[in-house]
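Numbering (this note's numbering), first residue to last: 68 to 400.
Each remark here refers to the structure printed beneath this line.
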Ligand code: BMA
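Right, here's the structure in full:
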């Protein structure tokens, strides 16, 4: 594969980065060499999309959603030196140590990876009599220890917070149905041990059609929330049910630091909407589905990884401060 280059005119930074193109007035802009991960990177991958990456060992590691050429939804581990050029293991990821009832692999998709202390926690949509939220941890991205499923079916988009809140682990999720759910609100839950989850709180639901149609059908949490001075920055996807099907865009919200179920503000305007060929054409057209975000604390830069048209992975860039300003400016909360 041809190696893709990061913009050399930018000062050295610890995350992938490309400056905002001249003449672009958007808060979020796309990497000029998107998609970063093409559908056919593995010999039998039909598509590689909604995937999660984190800094690891001086480079990056990730858990990738790979649908194979049987269209089986599988997870694979991958590594990268620069966050742009990836090597993905051809073998599927297998979890160890779960109760046999839970540990039987049915399917898994849309992973997130969250570092808490020294461990990397993977949450994913885990098939167990329908979709629910699986949890596992790893320290080396070789052995993954599976815990109990967090919730009853049906649920999708389990996203952990990167530290305990009120003394408990905390997670966002999106209760759903067993199909292409035509509804969806974001909820918050806490757990003392990552096994028993409770204190469920409503965070937010779809918007009013007249206020903001891109998120009026259903919404779901995206990457691990980022702690900022103004609250938790939560990037989330929103769905508009059009006469051609579902369109997936993404926006952002600010959540209270101590009570993250309290929404301070949320974008009325989207941050990114399917627009390019690789977002509008693929196995499921018109989908931008963010699952991971790298944050450079020194510069406030963000690199957002998002699934494109359920087919490949794209990268988009932005600044935390500008996104927060945009949330406030377009707020519909
Ligand atoms: C959602 C999930 C995602 C997918 C999206 C668009 O319900 O299944 O994995 O990207 O639909 O098809």
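Quick reminder that beta carbons are idealized off the backbone N, C-alpha and C, glycines included.
As the structure is a computational prediction, the values presented were derived from the model and not from experiment.
Practice task
Check whether the Cβ of residue 117 sits closer than 7 Å to any heavy atom of ligand 3, and report yes or no.
Solution key: For ligand 3, the structure offers nothing, since it holds only ligand 1.
Practice task
Say yes only if the C-beta of residue 134 is nearer than 7 Å to one or more non-hydrogen atoms of ligand 1, and no if none qualify.
Solution key: no
Problem - Terminal residues of the beta strand (DSSP E) in which residue 154 lies - result: 153–155
Exercise for the section: Compute the minimum distance between the beta carbon of residue 307 and the heavy atoms of ligand 1, and state whether it is under 7 Å. Expected result: no
Problem - ligand 1 heavy atom lying under 7 Å from the CB of residue 177 - result: yes
Exercise for the section: Report yes if the CB atom of residue 227 is closer than 8 Å to the CB atom of residue 236, and no otherwise. Expected result: yes
Handout entry: Residue interval of the beta strand (DSSP E) (run including residue 226)
Key = 222–227
Exercise for the section: Whole angstroms is fine: what's the gap from residue 338's alpha carbon to residue 356's? Expected result: 12 Å
Practice task
Could you tell me if residue 346 is buried or exposed, where buried requires 16 or more neighbouring beta carbons within 10 angstroms of its beta carbon?
Solution key: buried
Exercise for the section: Could you check which residue in 248, 256, 140, 296 has the C-alpha nearest to that of residue 273? Expected result: 248
Practice task
Determine the burial state of residue 90: buried for a count of at least 16 other Cβ atoms within 10 Å of its Cβ, exposed for fewer.
Solution key: By the 10 Å Cβ count, residue 90 comes out exposed.
Exercise for the section: Answer yes or no: do residue 372 and residue 118 have a C-beta to C-beta separation smaller than 8 Å? Expected result: Yes. Within cutoff.
Exercise for the section: Inspect the CB distances between the stretch 378–393 and the stretch 97–111 and report whether three or more fall short of 8 Å. Expected result: yes
Practice task
Note the first and the last residue of the continuous alpha helix (DSSP H) segment covering residue 182.
Solution key: Run containing residue 182: none in the alpha helix (DSSP H); it sits in the beta strand (DSSP E), 175–183.
Exercise for the section: Locate the beta strand (DSSP E) running through residue 317, then write down its first and last residues. Expected result: Where residue 317 is concerned, the enclosing beta strand (DSSP E) stretches over 312–322.
Handout entry: Ranges of the beta strand (DSSP E) found wholly within the stretch 255–303, counting only runs of at least 3
Key = 265–271, 285–288, 293–295
Handout entry: Touch test, the stretch 274–281 against the stretch 244–259, Cβ-Cβ under 8 Å, three pairs minimum
Key = The stretch 274–281 and the stretch 244–259 do not touch, with fewer than 3 CB-CB distances between them shorter than 8 Å.
Practice task
Compute the Euclidean distance between the alpha carbons of residue 164 and residue 388, then round it to the nearest angstrom.
Solution key: If I take the Cα positions, the gap works out to 42 Å.
Problem - For residue 186, the first and last residue of its enclosing alpha helix (DSSP H) - result: Where residue 186 is concerned, there is no enclosing alpha helix (DSSP H), although the beta strand (DSSP E) it sits in stretches over 186–194.
Problem - Within-8 Å CB hit, residue 257 to chain C - result: The question asks about chain C, but that chain is absent: this structure has only one protein chain.
Practice task
Check whether the Cβ of residue 247 lies closer than 7 Å to any heavy atom of ligand 1, and answer yes or no.
Solution key: yes
Practice task
Using 10 angstroms around the beta-carbon of residue 184, count the other beta-carbons present and answer buried if the total reaches 16, otherwise exposed.
Solution key: exposed
Practice task
Please look up how many angstroms separate the CB atoms of residue 98 and residue 319, rounded, as I've assumed it's under 8 Å.
Solution key: That belief does not hold up - the Cβ atoms of residue 98 and residue 319 are roughly 19 Å apart, past 8 Å.
Exercise for the section: If I'm right that residue 264 touches residue 218 with Cβ under 8 Å, what's the distance once you round it to whole angstroms? Expected result: Contact flag correct, Cβ pair sits at about 6 Å.
Problem - Endpoints, alpha helix (DSSP H) assigned at residue 170 - result: 167–170
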